[in-house]
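Visitor:
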Amino acid sequence: VSVDLRRMNKVEWINEKDRRICVQAGITGSDLEAWLGERGYCVGHEPDSVELSTLGGWIATNASGMKKNRYGNIEDIVENVTMISPKGIIEQVEPFARASIGFKPQNILFGSEGNLGIITKAILKIHEKPKIKKYNSVMFKNWETGVEFLYNLSRTNFIPSSVRLVDNVQFRFGQALKPRTEGLMKIKANIQKFFVLNVKGFNADEMCATTFVMEGTSSEVRYQEKNILALAKKHGGLVGGSGNGKRGYLLTFAIAYVRDFLTDFHIIGETMETTVPWSKIDEVCKAATETLFELHAKHNIPGKPYISYRIPQIYHTGVCIYFMLGMSVKNIPHSEDLFGNIEHAIRKVIMEHGGSISHHHGVGKLRKDFMDATLSDSSMELIKDMKNAHDPGNVFGIGNGIFAK
1 VSVDLRRMNK VEWINEKDRR ICVQAGITGS DLEAWLGERG YCVGHEPDSV
51 ELSTLGGWIA TNASGMKKNR YGNIEDIVEN VTMISPKGII EQVEPFARAS
101 IGFKPQNILF GSEGNLGIIT KAILKIHEKP KIKKYNSVMF KNWETGVEFL
151 YNLSRTNFIP SSVRLVDNVQ FRFGQALKPR TEGLMKIKAN IQKFFVLNVK
201 GFNADEMCAT TFVMEGTSSE VRYQEKNILA LAKKHGGLVG GSGNGKRGYL
251 LTFAIAYVRD FLTDFHIIGE TMETTVPWSK IDEVCKAATE TLFELHAKHN
301 IPGKPYISYR IPQIYHTGVC IYFMLGMSVK NIPHSEDLFG NIEHAIRKVI
351 MEHGGSISHH HGVGKLRKDF MDATLSDSSM ELIKDMKNAH DPGNVFGIGN
401 GIFAK
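So the sequence shown is numbered by the UniProt record's numbering: it starts at 1 and just counts up by one.
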(Lines of atoms letter the chains of each structure in order from A and count residues from 1; the text may use other names and numbers.)
(Lines give C-alpha, C1' and ligand atoms only; values in the text may rest on other atoms or scores of the structure.)
Protein backbone atom coordinates (compact mmCIF):
# COMPACT_ATOMS: atom_id res chain seq x y z
CA VAL A 1 0.00 0.00 0.00
CA SER A 2 1.26 3.47 -0.84
CA VAL A 3 -0.23 6.78 0.27
CA ASP A 4 -0.49 9.78 -2.05
CA LEU A 5 -0.62 13.10 -0.19
CA ARG A 6 -0.96 15.39 -3.20
CA ARG A 7 -4.48 16.45 -2.18
CA MET A 8 -3.19 17.46 1.26
CA ASN A 9 -1.66 20.59 -0.21
CA LYS A 10 -3.37 23.44 1.61
CA VAL A 11 -2.08 26.31 3.70
CA GLU A 12 -3.85 25.96 7.06
CA TRP A 13 -2.87 29.35 8.45
CA ILE A 14 -0.34 32.14 8.23
CA ASN A 15 0.81 34.38 11.10
CA GLU A 16 2.50 37.39 9.55
CA LYS A 17 3.45 38.94 12.90
CA ASP A 18 5.33 35.84 14.07
CA ARG A 19 6.44 35.06 10.50
CA ARG A 20 5.13 31.50 10.52
CA ILE A 21 3.00 29.42 8.21
CA CYS A 22 1.31 26.03 8.74
CA VAL A 23 1.21 23.96 5.57
CA GLN A 24 0.00 20.47 4.72
CA ALA A 25 2.73 18.07 3.68
CA GLY A 26 1.58 17.39 0.12
CA ILE A 27 2.20 20.90 -1.20
CA THR A 28 4.94 21.27 -3.81
CA GLY A 29 7.69 23.82 -3.44
CA SER A 30 6.60 25.85 -6.44
CA ASP A 31 2.98 26.01 -5.25
CA LEU A 32 4.06 27.04 -1.76
CA GLU A 33 6.29 29.83 -3.05
CA ALA A 34 3.60 31.02 -5.48
CA TRP A 35 1.02 31.24 -2.65
CA LEU A 36 3.43 33.13 -0.42
CA GLY A 37 4.73 35.30 -3.23
CA GLU A 38 1.27 36.73 -3.83
CA ARG A 39 1.36 37.95 -0.23
CA GLY A 40 4.91 39.28 -0.31
CA TYR A 41 6.62 36.37 1.46
CA CYS A 42 8.79 33.34 0.75
CA VAL A 43 10.16 30.28 2.54
CA GLY A 44 13.31 30.27 0.44
CA HIS A 45 13.75 26.50 0.23
CA GLU A 46 14.64 25.95 -3.42
CA PRO A 47 15.96 22.46 -4.26
CA ASP A 48 16.55 21.41 -7.87
CA SER A 49 13.23 19.55 -7.68
CA VAL A 50 11.21 22.50 -6.35
CA GLU A 51 8.45 22.15 -8.97
CA LEU A 52 7.78 18.49 -8.09
CA SER A 53 9.04 17.77 -4.56
CA THR A 54 6.81 18.29 -1.54
CA LEU A 55 7.14 19.62 1.98
CA GLY A 56 6.71 16.14 3.45
CA GLY A 57 9.38 14.77 1.16
CA TRP A 58 11.80 17.51 2.15
CA ILE A 59 11.43 16.62 5.81
CA ALA A 60 11.52 12.86 5.24
CA THR A 61 14.79 13.10 3.28
CA ASN A 62 16.34 15.96 5.30
CA ALA A 63 16.57 18.09 2.19
CA SER A 64 18.71 21.07 1.27
CA GLY A 65 17.91 23.99 -1.01
CA MET A 66 20.13 26.05 -3.27
CA LYS A 67 19.62 29.19 -1.16
CA LYS A 68 20.46 27.61 2.17
CA ASN A 69 23.08 30.31 2.85
CA ARG A 70 20.25 32.80 3.40
CA TYR A 71 17.30 30.64 4.46
CA GLY A 72 18.89 27.50 5.90
CA ASN A 73 18.45 23.81 5.19
CA ILE A 74 15.07 22.19 5.84
CA GLU A 75 15.90 21.47 9.50
CA ASP A 76 16.54 25.21 9.97
CA ILE A 77 13.30 26.25 8.24
CA VAL A 78 10.84 23.91 10.00
CA GLU A 79 9.73 24.79 13.54
CA ASN A 80 7.26 21.96 14.08
CA VAL A 81 6.31 18.71 12.34
CA THR A 82 3.15 16.66 12.71
CA MET A 83 3.41 12.93 12.00
CA ILE A 84 0.70 10.28 12.28
CA SER A 85 2.15 7.08 13.71
CA PRO A 86 0.58 3.73 14.71
CA LYS A 87 0.41 4.95 18.32
CA GLY A 88 -0.78 8.49 17.77
CA ILE A 89 0.33 11.96 16.78
CA ILE A 90 3.96 12.99 17.11
CA GLU A 91 4.44 16.74 17.37
CA GLN A 92 5.46 19.53 19.69
CA VAL A 93 2.32 21.05 21.26
CA GLU A 94 3.48 24.63 20.63
CA PRO A 95 6.25 25.74 18.28
CA PHE A 96 8.93 28.10 19.53
CA ALA A 97 11.91 29.82 17.96
CA ARG A 98 13.94 27.60 20.29
CA ALA A 99 13.16 25.65 23.45
CA SER A 100 15.19 23.48 25.80
CA ILE A 101 12.66 20.73 26.50
CA GLY A 102 14.83 17.65 26.74
CA PHE A 103 14.45 15.15 23.93
CA LYS A 104 12.63 16.54 20.88
CA PRO A 105 10.92 13.61 19.15
CA GLN A 106 10.30 15.69 16.04
CA ASN A 107 14.04 15.83 15.40
CA ILE A 108 14.09 12.14 14.46
CA LEU A 109 11.48 12.81 11.77
CA PHE A 110 14.05 14.61 9.62
CA GLY A 111 15.47 11.90 7.39
CA SER A 112 12.98 9.29 8.62
CA GLU A 113 12.18 8.34 4.99
CA GLY A 114 8.70 6.98 5.72
CA ASN A 115 9.82 4.41 8.29
CA LEU A 116 8.02 5.92 11.28
CA GLY A 117 4.74 7.30 9.98
CA ILE A 118 3.09 9.82 7.67
CA ILE A 119 4.11 13.47 7.88
CA THR A 120 0.89 15.46 7.49
CA LYS A 121 1.86 19.08 8.07
CA ALA A 122 4.56 21.41 9.33
CA ILE A 123 5.05 24.92 10.64
CA LEU A 124 7.68 26.88 8.72
CA LYS A 125 9.47 30.19 9.04
CA ILE A 126 8.62 32.74 6.38
CA HIS A 127 10.52 35.80 5.16
CA GLU A 128 9.61 38.95 3.33
CA LYS A 129 10.41 38.53 -0.35
CA PRO A 130 13.79 40.09 -1.05
CA LYS A 131 13.52 43.51 -2.66
CA ILE A 132 16.44 42.77 -4.95
CA LYS A 133 17.61 39.56 -6.60
CA LYS A 134 20.76 39.75 -8.68
CA TYR A 135 22.81 37.14 -10.53
CA ASN A 136 26.47 37.20 -11.49
CA SER A 137 29.23 34.81 -12.48
CA VAL A 138 33.01 34.54 -12.39
CA MET A 139 35.34 32.32 -14.39
CA PHE A 140 38.52 30.89 -12.87
CA LYS A 141 41.49 29.39 -14.66
CA ASN A 142 41.05 25.98 -13.04
CA TRP A 143 39.09 23.99 -10.47
CA GLU A 144 41.71 24.32 -7.73
CA THR A 145 41.58 28.11 -7.90
CA GLY A 146 37.80 28.05 -7.77
CA VAL A 147 37.86 25.86 -4.66
CA GLU A 148 40.36 28.18 -2.99
CA PHE A 149 38.05 31.11 -3.75
CA LEU A 150 35.08 29.29 -2.16
CA TYR A 151 37.14 28.44 0.91
CA ASN A 152 38.08 32.07 1.45
CA LEU A 153 34.50 33.17 0.71
CA SER A 154 33.23 30.80 3.42
CA ARG A 155 35.23 32.78 5.98
CA THR A 156 33.58 36.11 5.17
CA ASN A 157 30.37 37.95 6.08
CA PHE A 158 29.25 38.42 2.46
CA ILE A 159 28.26 34.90 1.43
CA PRO A 160 25.40 35.21 -1.10
CA SER A 161 22.11 33.28 -1.02
CA SER A 162 23.56 30.79 -3.49
CA VAL A 163 27.08 30.21 -4.75
CA ARG A 164 28.03 27.30 -7.01
CA LEU A 165 31.29 26.21 -8.58
CA VAL A 166 31.15 23.92 -11.63
CA ASP A 167 34.10 21.99 -13.03
CA ASN A 168 35.35 22.32 -16.60
CA VAL A 169 33.27 19.43 -17.95
CA GLN A 170 30.05 20.83 -16.52
CA PHE A 171 31.02 24.34 -17.62
CA ARG A 172 31.38 23.16 -21.23
CA PHE A 173 28.14 21.20 -20.93
CA GLY A 174 26.36 24.40 -19.93
CA GLN A 175 27.97 26.31 -22.79
CA ALA A 176 26.74 23.68 -25.25
CA LEU A 177 23.17 24.26 -24.09
CA LYS A 178 23.28 28.03 -24.64
CA PRO A 179 21.05 29.37 -27.44
CA ARG A 180 22.77 29.80 -30.78
CA THR A 181 23.81 33.40 -31.46
CA GLU A 182 23.53 35.16 -34.82
CA GLY A 183 24.58 38.48 -36.33
CA LEU A 184 26.07 41.05 -33.98
CA MET A 185 25.54 38.82 -30.94
CA LYS A 186 27.66 36.11 -32.59
CA ILE A 187 30.41 38.62 -33.33
CA LYS A 188 30.29 39.84 -29.72
CA ALA A 189 30.48 36.25 -28.41
CA ASN A 190 33.52 35.52 -30.61
CA ILE A 191 35.29 38.66 -29.38
CA GLN A 192 34.58 37.70 -25.76
CA LYS A 193 35.90 34.19 -26.36
CA PHE A 194 39.07 35.57 -27.98
CA PHE A 195 39.60 37.91 -25.02
CA VAL A 196 39.20 35.15 -22.43
CA LEU A 197 41.40 32.58 -24.19
CA ASN A 198 44.00 34.70 -25.95
CA VAL A 199 44.30 37.86 -23.88
CA LYS A 200 43.63 36.54 -20.38
CA GLY A 201 45.26 33.18 -21.06
CA PHE A 202 42.45 30.90 -19.92
CA ASN A 203 42.56 27.28 -21.13
CA ALA A 204 39.24 26.10 -22.57
CA ASP A 205 39.90 22.59 -21.20
CA GLU A 206 40.64 23.72 -17.64
CA MET A 207 38.59 26.82 -16.85
CA CYS A 208 35.59 26.59 -14.54
CA ALA A 209 32.85 28.95 -13.41
CA THR A 210 31.10 30.15 -10.30
CA THR A 211 27.56 31.51 -10.27
CA PHE A 212 26.00 33.67 -7.58
CA VAL A 213 22.52 34.64 -6.49
CA MET A 214 22.46 37.69 -4.23
CA GLU A 215 19.25 38.70 -2.44
CA GLY A 216 18.14 41.33 0.03
CA THR A 217 17.93 45.09 0.13
CA SER A 218 19.75 47.11 -2.51
CA SER A 219 22.50 47.96 -0.01
CA GLU A 220 22.89 44.30 1.01
CA VAL A 221 23.21 43.17 -2.59
CA ARG A 222 25.66 45.97 -3.46
CA TYR A 223 27.81 45.06 -0.46
CA GLN A 224 27.81 41.37 -1.36
CA GLU A 225 28.58 41.88 -5.04
CA LYS A 226 31.33 44.43 -4.45
CA ASN A 227 33.17 42.21 -1.99
CA ILE A 228 32.57 38.93 -3.85
CA LEU A 229 34.00 40.33 -7.07
CA ALA A 230 36.94 41.89 -5.23
CA LEU A 231 37.74 38.52 -3.65
CA ALA A 232 37.36 36.78 -7.01
CA LYS A 233 39.78 39.25 -8.58
CA LYS A 234 42.40 38.32 -5.98
CA HIS A 235 42.09 34.75 -7.26
CA GLY A 236 42.46 35.76 -10.90
CA GLY A 237 38.74 35.52 -11.59
CA LEU A 238 37.14 37.05 -14.66
CA VAL A 239 33.60 38.40 -14.33
CA GLY A 240 31.16 36.55 -16.60
CA GLY A 241 28.14 38.77 -16.05
CA SER A 242 24.57 38.45 -14.81
CA GLY A 243 23.25 36.67 -17.92
CA ASN A 244 25.66 33.77 -17.51
CA GLY A 245 24.99 33.74 -13.78
CA LYS A 246 21.25 33.40 -14.28
CA ARG A 247 21.60 30.74 -16.99
CA GLY A 248 24.00 28.76 -14.83
CA TYR A 249 21.68 28.89 -11.84
CA LEU A 250 18.52 27.99 -13.77
CA LEU A 251 20.24 25.18 -15.70
CA THR A 252 20.02 22.96 -12.63
CA PHE A 253 16.23 22.78 -12.98
CA ALA A 254 16.66 21.28 -16.46
CA ILE A 255 19.09 18.48 -15.59
CA ALA A 256 16.41 15.86 -14.84
CA TYR A 257 14.69 16.65 -18.14
CA VAL A 258 17.99 16.38 -20.03
CA ARG A 259 18.53 12.97 -18.44
CA ASP A 260 15.07 11.81 -19.53
CA PHE A 261 15.71 13.11 -23.05
CA LEU A 262 19.01 11.22 -23.30
CA THR A 263 17.34 7.98 -22.22
CA ASP A 264 15.75 7.79 -25.68
CA PHE A 265 19.28 7.59 -27.08
CA HIS A 266 20.33 4.69 -24.79
CA ILE A 267 22.27 6.95 -22.44
CA ILE A 268 21.78 6.25 -18.76
CA GLY A 269 22.62 8.90 -16.19
CA GLU A 270 22.27 9.72 -12.53
CA THR A 271 23.31 12.26 -9.93
CA MET A 272 24.91 11.61 -6.57
CA GLU A 273 26.01 13.97 -3.82
CA THR A 274 28.14 13.90 -0.72
CA THR A 275 29.41 16.11 2.08
CA VAL A 276 33.19 16.47 2.14
CA PRO A 277 35.63 18.33 4.42
CA TRP A 278 37.55 21.15 2.73
CA SER A 279 40.75 19.12 2.99
CA LYS A 280 39.28 16.14 1.07
CA ILE A 281 37.66 17.83 -1.95
CA ASP A 282 40.31 17.09 -4.56
CA GLU A 283 40.88 13.58 -3.22
CA VAL A 284 37.18 12.67 -3.47
CA CYS A 285 36.72 14.16 -6.96
CA LYS A 286 39.81 12.40 -8.30
CA ALA A 287 38.85 9.04 -6.77
CA ALA A 288 35.29 9.17 -8.16
CA THR A 289 36.51 10.09 -11.65
CA GLU A 290 39.20 7.41 -11.76
CA THR A 291 36.80 4.73 -10.51
CA LEU A 292 34.23 5.49 -13.20
CA PHE A 293 36.80 5.35 -16.02
CA GLU A 294 38.37 2.15 -14.64
CA LEU A 295 35.04 0.33 -14.38
CA HIS A 296 33.89 1.64 -17.75
CA ALA A 297 36.98 0.10 -19.35
CA LYS A 298 36.76 -3.10 -17.29
CA HIS A 299 33.23 -3.83 -18.53
CA ASN A 300 34.06 -2.90 -22.15
CA ILE A 301 31.32 -0.30 -22.30
CA PRO A 302 31.36 1.54 -25.63
CA GLY A 303 32.21 5.21 -25.93
CA LYS A 304 33.47 7.43 -23.15
CA PRO A 305 31.83 7.86 -19.74
CA TYR A 306 30.63 11.25 -18.56
CA ILE A 307 31.38 12.58 -15.10
CA SER A 308 31.28 16.14 -13.89
CA TYR A 309 30.98 17.72 -10.49
CA ARG A 310 30.06 20.96 -8.83
CA ILE A 311 30.06 22.46 -5.36
CA PRO A 312 26.55 23.84 -4.77
CA GLN A 313 26.81 24.33 -0.99
CA ILE A 314 29.57 25.62 1.25
CA TYR A 315 29.81 25.24 5.02
CA HIS A 316 32.23 26.30 7.74
CA THR A 317 33.95 22.90 7.76
CA GLY A 318 33.29 21.54 4.27
CA VAL A 319 31.16 21.45 1.15
CA CYS A 320 28.57 19.46 -0.74
CA ILE A 321 29.90 17.94 -3.97
CA TYR A 322 27.29 17.03 -6.57
CA PHE A 323 28.32 14.51 -9.24
CA MET A 324 26.62 13.88 -12.58
CA LEU A 325 27.31 10.50 -14.23
CA GLY A 326 26.39 9.15 -17.63
CA MET A 327 27.28 6.51 -20.22
CA SER A 328 25.99 4.89 -23.37
CA VAL A 329 24.49 1.45 -22.73
CA LYS A 330 23.12 0.54 -26.15
CA ASN A 331 23.12 -3.24 -26.73
CA ILE A 332 24.50 -3.90 -23.23
CA PRO A 333 22.52 -6.64 -21.43
CA HIS A 334 21.25 -5.86 -17.92
CA SER A 335 22.52 -2.29 -18.32
CA GLU A 336 20.59 -0.97 -15.32
CA ASP A 337 22.18 -3.54 -13.02
CA LEU A 338 25.62 -2.77 -14.42
CA PHE A 339 25.15 0.95 -13.97
CA GLY A 340 23.84 0.39 -10.44
CA ASN A 341 26.96 -1.62 -9.56
CA ILE A 342 29.20 1.11 -10.96
CA GLU A 343 27.34 3.78 -9.02
CA HIS A 344 27.64 1.66 -5.87
CA ALA A 345 31.40 1.34 -6.39
CA ILE A 346 31.78 5.09 -6.84
CA ARG A 347 29.81 5.73 -3.65
CA LYS A 348 32.09 3.31 -1.80
CA VAL A 349 35.20 5.09 -3.05
CA ILE A 350 33.76 8.50 -2.16
CA MET A 351 33.19 7.39 1.42
CA GLU A 352 36.60 5.72 1.66
CA HIS A 353 38.19 9.04 0.72
CA GLY A 354 36.30 11.14 3.25
CA GLY A 355 32.83 11.78 1.83
CA SER A 356 29.45 11.14 3.46
CA ILE A 357 26.76 8.69 2.39
CA SER A 358 24.63 11.64 1.23
CA HIS A 359 24.21 15.37 1.63
CA HIS A 360 20.49 15.70 0.83
CA HIS A 361 19.21 12.81 -1.32
CA GLY A 362 18.91 10.45 1.63
CA VAL A 363 19.63 6.73 1.98
CA GLY A 364 16.59 4.82 0.73
CA LYS A 365 17.38 1.29 -0.39
CA LEU A 366 20.24 1.94 -2.80
CA ARG A 367 22.64 3.17 -0.11
CA LYS A 368 21.66 0.85 2.72
CA ASP A 369 24.96 -1.05 2.51
CA PHE A 370 26.86 2.03 3.67
CA MET A 371 25.00 2.57 6.93
CA ASP A 372 27.52 0.50 8.89
CA ALA A 373 30.17 3.04 7.90
CA THR A 374 27.88 5.92 8.89
CA LEU A 375 26.33 5.07 12.28
CA SER A 376 27.65 3.05 15.21
CA ASP A 377 25.97 -0.25 16.06
CA SER A 378 24.43 1.24 19.20
CA SER A 379 23.05 4.18 17.24
CA MET A 380 21.29 1.86 14.82
CA GLU A 381 19.98 -0.29 17.67
CA LEU A 382 18.52 2.79 19.34
CA ILE A 383 16.65 3.74 16.16
CA LYS A 384 15.42 0.19 15.64
CA ASP A 385 14.22 -0.03 19.25
CA MET A 386 12.21 3.17 18.82
CA LYS A 387 10.71 1.89 15.59
CA ASN A 388 9.81 -1.51 17.06
CA ALA A 389 8.29 0.01 20.20
CA HIS A 390 6.14 2.48 18.30
CA ASP A 391 5.32 0.35 15.26
CA PRO A 392 5.54 -3.30 16.42
CA GLY A 393 3.41 -4.45 13.49
CA ASN A 394 5.64 -2.64 11.00
CA VAL A 395 2.66 -0.82 9.50
CA PHE A 396 5.10 1.62 7.93
CA GLY A 397 7.21 -1.09 6.38
CA ILE A 398 8.69 0.86 3.49
CA GLY A 399 12.11 -0.43 4.52
CA ASN A 400 14.44 2.49 3.90
CA GLY A 401 17.84 3.20 5.42
CA ILE A 402 18.78 0.83 8.22
CA PHE A 403 15.43 -0.96 7.78
CA ALA A 404 16.13 -1.89 4.16
CA LYS A 405 16.45 -5.61 3.48
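All C-beta atoms in this analysis are idealised placements derived from N, C-alpha and C, irrespective of residue type, glycine included.
Have a look at E294 and K141 and give me their C-alpha separation to the nearest angstrom.
Guide: Using only the alpha carbons, I get a separation of about 27 Å.
Visitor: In angstroms with no decimal places, state the Cα-to-Cα distance between G65 and G72.
Guide: Between G65 and G72, the C-alpha separation is close to 8 Å.
Visitor: Consult DSSP for E16 and reduce its assignment to one of helix, strand or coil.
Guide: It is coil, neither helix nor strand.
Visitor: Just how far apart, CA to CA, sit V138 and Y309?
Guide: If you take the alpha carbons of V138 and Y309, they lie about 17 Å apart.
Visitor: Where does P160 fall in DSSP's three states?
Guide: Reduced to three states, the DSSP call for P160 is coil.
Visitor: Quick check: what's the CA-CA separation for I101 versus V93?
Guide: For I101 and V93, the distance between alpha carbons rounds to 12 Å.
Visitor: Distance check for G362 and M386, CA to CA, integer angstroms please.
Guide: Approximately 20 Å, taken between the alpha carbons.
Visitor: Put G245 into one of helix, strand or coil per three-state DSSP.
Guide: Correct three-state label for G245: helix.
Visitor: Which value, in whole angstroms, describes the spacing of the CA atoms of N331 and H299?
Guide: Taking the straight line joining both Cα atoms gives about 13 Å.
Visitor: Within 8 Å, do at least three Cβ pairs link the segment 212 to 228 to the segment 127 to 135?
Guide: Segments in contact, yes.
Visitor: So is G40 buried or exposed if we call it buried at 16+ other beta carbons inside 10 Å?
Guide: Per the 10 Å Cβ criterion, exposed.
Visitor: Of the residues F403, L231, I383 and L375, which one's Cα is nearest the Cα of residue 407?
Guide: No statement about residue 407 is possible, as the shown extent of the chain runs from 1 to 405 and does not include it.
Visitor: Could you say which of I268, K246 and G44 lies nearest to A256 if we only look at CA atoms?
Guide: When only C-alpha atoms are compared, the closest one is I268.
Visitor: For the alpha helix (DSSP H) holding R347, just list the boundary residues, first then last.
Guide: From DSSP, the alpha helix (DSSP H) with R347 extends over S335 to E352.
Visitor: May I have the straight-line CA-CA distance separating L250 from C285, to the nearest angstrom?
Guide: Going from the Cα of L250 to the Cα of C285 covers about 24 Å.
Visitor: Tell me which residues share the same chain as G111 and place their Cβ nearer than 6 Å to its Cβ, disregarding the 5 neighbours each side in the sequence.
Guide: Here the set comprises N62.
Visitor: Under a three-way DSSP split, which group does F396 fall into?
Guide: Coil at F396, not helix or strand.
Visitor: In whole angstroms, what is the alpha-carbon distance linking S379 and N115?
Guide: Roughly 16 Å separates the two Cα atoms.
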